[in-house]
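Residue numbers (the working numbering): 493 to 563.
Taking it in order: structure first as structure tokens, then the write-up.
Below, the structure is given as structure tokens:
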């Protein structure tokens, strides 16, 4: 029987590329997502997409669906 627990993903995350709003480094995200069983994650840095390519490559390489946005 499949796991009946609904999957949860964060749709708002500020990385170190959002100055004064985020501190996490993109390279640390896959480990955290896997520990929480998250199949995807959205990066929504403030007013920039500087980390978008790195985020997409790192997450896809770890088998986690990257979602990119900007606030």
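All C-beta atoms, glycine included, are put in the ideal place defined by N, C-alpha and C.
CA-CA distance, residue i and residue j?
i	j	result
residue 500	residue 531	8 Å
residue 527	residue 520	11 Å
residue 536	residue 529	20 Å
residue 541	residue 516	15 Å
Between residue i and residue j, is the Cβ-Cβ spacing less than 7 Å?
i	j	result
residue 539	residue 561	no
residue 514	residue 502	no
Here's a check: name, in chain order, each residue in its chain whose Cβ is nearer than 7 Å to the Cβ of residue i, leaving out the five neighbours to either side.
i	result
residue 525	533 and 556
residue 522	550, 551, 554 and 556
What does DSSP give as the partner residues of residue i in its beta bridges?
i	result
residue 535	560
residue 516	507
Near residue i, what residues of its chain come up, given a Cβ to Cβ distance below 8 Å and the 5 sequence neighbours on each side ignored?
i	result
residue 493	Low confidence applies here, because residue 493 scores a pLDDT of 44, under 50, leaving its location unreliable; read the following figure in that light. Answer for residue 493: no residue qualifies.
Please report the Cβ distance between residue i and residue j, rounded to the nearest whole angstrom; I am assuming they are in contact, meaning their Cβ atoms lie under 8 Å.
i	j	result
residue 543	residue 559	No, residue 543 and residue 559 are not in contact; Cβ-Cβ is about 13 Å, not under 8 Å.
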